[in-house]
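First comes the structure, then the notes that go with it.
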Amino acid sequence: MNPNTVIERLRAHKVKFEEPLTDEEISKIENNYKILFPPDLREFYLCGLPQGHNFINWRDTSEANIDSIKKRLEWPLEGIIFDVEHNSFWYSHWGERPSDLGEAIRICIDKYKDLPLLIPIYSHRYILSRPCEINNPIFSVYQTDIIYYGENLEEYFKVEFNDKEHKDIDFESIKYIDFWTDLL
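With the first letter of the sequence shown counted as 1, position 70 gets the number 70 in the UniProt record's numbering; the numbers rise by one all the way through.
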């Protein structure tokens with residue numbers, strides 16, 4: 001991925017950019033939020049920080065923004081819990097679903113801790129922190145209604161900003177990600 005090409009593509013769609021994040025800022029962000037940016041996302045942010053309503057403002061350290069980022073990091077788990085509570089969702093690899101709802105939610109939360117963490121990019125689009133390598137897929141996440149939204153970060157932005165149709169995603173080339181791919 002050439003992050004500067006991606007940035008120019010986004011600028012053509014009127015996305016504004018702040019100065020790039022520094023290595024020090026990225027380290028602080030990763031430490032503060034207990035996340036790890038995969039290399040291509042890290043490289044992208046080292047070239048520019050997109051701004052706008054649906055983008056994450058990782059640089060803003062106001063209490064309100066920190067709370068907003070934490071909520072977006074927690075949102076996938078909250079959606080799964082909602083579906084466990086209200087839509088009979090249960091992941092078969094967790095074993096037999098307990099009859100007690102509280103126990104089912106406890107297991108869900110416990111199992112979630114072992115999953116690759118989803119890092120918000122834009123709106124309810126997420127990239128995985130693990131494996132910490134380039135070309136992780138982008139997921140659109142709404143509770144357990146999850147779809148691919150890009151083979152990787154560069155292709156995702158093409159789809160998001162209508163330079164590529166969703167149907168043209170190369171689904172066969174997308175790497176398998178434990179749990180998340182199974183929900184598709």
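Glycine residues also receive a C-beta, built at the ideal position from the N, C-alpha and C atoms. Predicted model only: the values in this text are computed from it and were never measured.
Between residue i and the rest of its own chain, which residues show a CB-CB distance below 7 angstroms, the 5 nearest in sequence each way excluded?
i	result
D163	R9
R42	I26
F171	Y148
H13	F161
E133	P38 and P39
L101	E85
Could you check if residue i is buried or exposed, using at least 16 other CB atoms within 10 Å of its CB as the buried criterion?
i	result
L118	buried
P50	buried
N136	buried
D110	exposed
E160	buried
A108	At residue 108 the sequence reads Cys, which differs from the Ala that was named. It is buried - the Cβ of C108 has at least 16 other Cβ atoms within 10 Å.
N87	exposed
N32	exposed
residue 197	Past the edges of the chain, shown from 1 to 184, lies residue 197, and the structure says nothing about it.
E78	exposed
Among all the DSSP beta bridges, which residues are the ones paired with residue i?
i	result
F55	Y122
I147	S140
P50	F17
I127	I119 and I138
Looking at the secondary structure, which residues open and close the alpha helix (DSSP H) in which residue i lies?
i	result
F17	It is not in any alpha helix (DSSP H) - F17 instead sits in the beta strand (DSSP E) that spans K16 to E18.
G79	E63 to H86
I105	L101 to Y112
L10	P3 to A12
S27	D23 to Y33
L36	Unbroken run through L36: none, as it is neither H nor E.
E96	Counting along the chain, E96 falls outside any alpha helix (DSSP H), and DSSP gives it neither H nor E.
Y156	L153 to E160
Going along the chain, which residues of its own chain have a beta-carbon closer than 6 angstroms to the beta-carbon of residue i, five neighbours each way excluded?
i	result
K158	K164
L36	E30, S129 and C132
A104	V84, R97 and P98
L115	F179
With a threshold of 8 angstroms on Cβ separation, who are the neighbours of residue i within its own chain once the five nearest residues in sequence on each side are excluded?
i	result
L21	I29, Y45, L46, L49, W58 and R59
residue 210	Residue 210 is absent from the model: the chain starts at 1 and stops at 184.
I146	F139, S140, W180, L183 and L184
R11	F17
I80	F89, C108, Y112, Q143 and T144
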